[in-house]
Amino acid sequence: MTFNLLKGKRGIIFGALNELSIAWKVAERAVEEGAIITLSNTPVAVRMGEVSALGEKLNAEILPADASNVEDLEMVFSKSMEILGGKIDFVLHSIGMSPNVRKKKTYDDLDYDLLEKTLDISAISFHKMIQVAKKMDAIAEGGSILALSYVAAQRSFFGYNDMADAKALLESIARSFGYIYGREKGVRINTISQSPTMTTAGSGIKGMNDLLDFSEKMSPLGNASADDCADYCIVMFSDLTRKITMQNLYNDGGFSSMGMSLRAMNQYSKSLDEFKDEHGKIIYG
Ligand SMILES: NC(=O)c1ccc[n+]([C@@H]2O[C@H](COP(=O)([O-])OP(=O)(O)OC[C@H]3O[C@@H](n4cnc5c(N)ncnc54)[C@H](O)[C@@H]3O)[C@@H](O)[C@H]2O)c1
34 MTFNLLKGKR
44 GIIFGALNEL
54 SIAWKVAERA
64 VEEGAIITLS
74 NTPVAVRMGE
84 VSALGEKLNA
94 EILPADASNV
104 EDLEMVFSKS
114 MEILGGKIDF
124 VLHSIGMSPN
134 VRKKKTYDDL
144 DYDLLEKTLD
154 ISAISFHKMI
164 QVAKKMDAIA
174 EGGSILALSY
184 VAAQRSFFGY
194 NDMADAKALL
204 ESIARSFGYI
214 YGREKGVRIN
224 TISQSPTMTT
234 AGSGIKGMND
244 LLDFSEKMSP
254 LGNASADDCA
264 DYCIVMFSDL
274 TRKITMQNLY
284 NDGGFSSMGM
294 SLRAMNQYSK
304 SLDEFKDEHG
314 KIIYG
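Residue numbers for the sequence shown follow our numbering, so the first one is 34 and each next one is one higher.
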């Protein structure tokens, strides 16, 4: 179903690598809703990945850039304004990478040079993106900027490692810059905290299959998919959310408000018997 929510809007989507990527789904939905967009990813990802197929399908130009490099970001914003014919209405930061996780370094044995890379690529790049856009006055009045986060910013999750610190910083940048950019230009800045999702980045998380199963069992609405996340991003880019800024918004089927569900407890005890009343009827928790 389409609603023309982004008719006439111009956007930049960072981080579509392949069909599984959350950014891929957001790009497709944005164009479906009437937007014109450019796509950006690292030169290596553009060369090796499938993003050129997405560009062709959506009639979107691809601008290779390292999001931790300020000059690259300046190029992305100036070329995007030129290609799309005006200031940018929405930006998606869908970028995450931890070299410590890749090298299987545990949280109590971090390599600090690699930690700096994790923070730079996964969080400080968001600050760089917004600072570059603001200095170039590249975002239209009332524009919307989003980054994708995870609940490990608030709570400890085994195996999420230094990405938890990166997500906490990412969410803080949304608040700090949201105040400044909102006050001066009416630009909204938010993060969406997404359920675990089986993507290239997601599959790097230790015990991802168990994490997916656990959060599915804990969440009253089940895990949110990449498509669900794309729908939420579209609403946040649209004019329907003009007064929402500096928020971390959960798209997680209710997971972040749960303590324990019957389904998770059952999985833990490996028995349903304890959760039946005297007539054998299951007690739903
Ligand atoms: N998959 C999940 O379980 C999950 C859950 C919550 C939040 N997120 C977040 O969603 C976002 C998108 O991840 P995804 O799950 O779609 O995986 P993905 O692997 O498809 O996307 C990650 C993207 O980051 C890009 N990237 C890495 N280094 C970069 C750099 N220096 N400059 C520019 N781009 C760079 C990659 O090329 C890739 O396109 C990430 O921020 C991730 O942390 C993912």
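For every residue, glycine included, the Cβ atom is placed at its ideal position computed from N, Cα and C. Here the structure is a predicted model, which means the values were calculated and not measured.
Residue span of the alpha helix (DSSP H) that contains residue i, given as start and end
| i | result |
| --- | --- |
| Val184 | Note, Val184: premise wrong, no alpha helix (DSSP H); not H, not E. |
| Phe123 | Where Phe123 is concerned, there is no enclosing alpha helix (DSSP H), although the beta strand (DSSP E) it sits in stretches over Ile121 to His126. |
| Arg275 | Here Arg275 belongs to no alpha helix (DSSP H), and DSSP marks it neither H nor E. |
| Leu295 | Leu295 to Ser302 |
| Ile390 | Nothing can be reported for residue 390, as the shown portion of the chain is limited to 34 through 318. |
| Ala56 | Ile55 to Glu65 |
beta-carbon residue i near ligand 1 non-hydrogen atom, thresh 7 Å
| i | result |
| --- | --- |
| Leu181 | yes |
| Gly192 | no |
| Met130 | yes |
| Ala68 | no |
| Thr75 | yes |
| Lys48 | The sequence shown places Gly at residue 48, not Lys. Yes, the beta carbon of Gly48 sits closer than 7 Å to at least one heavy atom of ligand 1. |
| Asp99 | yes |
| Leu53 | yes |
| Ala186 | no |
| Ala197 | no |
| Thr232 | yes |
| Ile154 | yes |
| Pro253 | no |
| Gly286 | no |
| Ser127 | yes |
Beta-carbon spacing of residue i, residue j below 8 Å
| i | j | result |
| --- | --- | --- |
| Val59 | Ile45 | no |
| Gly41 | Gly67 | yes |
| Phe210 | Gly176 | no |
| Ser149 | Ser182 | In the sequence on display, residue 149 carries Glu and not Ser. No, Cβ-Cβ distance for Glu149 and Ser182 is not below 8 Å. |
| Asp285 | Ser236 | no |
| Ala259 | Thr230 | yes |
| Thr232 | Leu38 | no |
| Ser106 | Lys167 | Note that residue 106 is Leu in the sequence shown, not Ser. Going by C-beta atoms, Leu106 is not nearer than 8 Å to Lys167. |
| Arg62 | Ile277 | no |
| Asn194 | Asn256 | no |
| Ile178 | Val220 | yes |
| Ile206 | Phe270 | no |
| Leu50 | Ala86 | no |
C-alpha distance - residue i paired with residue j, whole-angstrom precision
| i | j | result |
| --- | --- | --- |
| Val84 | Lys314 | 51 Å |
| Gln280 | Lys309 | 41 Å |
| Lys200 | His312 | 47 Å |
| Leu125 | Glu249 | 26 Å |
| Arg208 | Glu174 | 18 Å |
| Ile116 | Ile70 | 9 Å |
| Asp99 | Asp170 | 21 Å |
| Lys93 | Leu72 | As written in the sequence, residue 93 is Ala, which differs from the Lys given in the question. Going from the Cα of Ala93 to the Cα of Leu72 covers about 7 Å. |
| Ile213 | Tyr145 | 31 Å |
| Gly346 | Leu91 | Absent from the structure is residue 346, since the part of the chain shown begins at 34 and ends at 318. |
| Asn242 | Tyr301 | 16 Å |
| Asn102 | Leu96 | 13 Å |
| Asp142 | Gly287 | 33 Å |
| Leu282 | Leu202 | 15 Å |
| Ala56 | Ser127 | 6 Å |
| Ser131 | Leu152 | 8 Å |
| Met293 | Phe247 | 10 Å |
| Leu295 | Lys120 | 50 Å |
| Ala186 | Ser113 | 31 Å |
| Arg43 | Asp198 | 32 Å |
| Ser290 | Gly82 | 37 Å |
Residue span of the beta strand (DSSP E) that contains residue i, given as start and end
| i | result |
| --- | --- |
| Leu72 | Ile69 to Asn74 |
| Leu282 | Asn281 to Asn284 |
| Ile238 | Neither: Ile238 is in no beta strand (DSSP E) and is coded neither H nor E. |
| Gly44 | Arg43 to Phe47 |
#### Entry: Secondary structure, alpha helix (DSSP H): runs of 4+ residues fully inside the stretch 87-163
103-117, 132-135 and 145-152
### In chain order, each alpha helix (DSSP H) run of at least 4 residues that lies wholly inside the stretch 196-229
196-218
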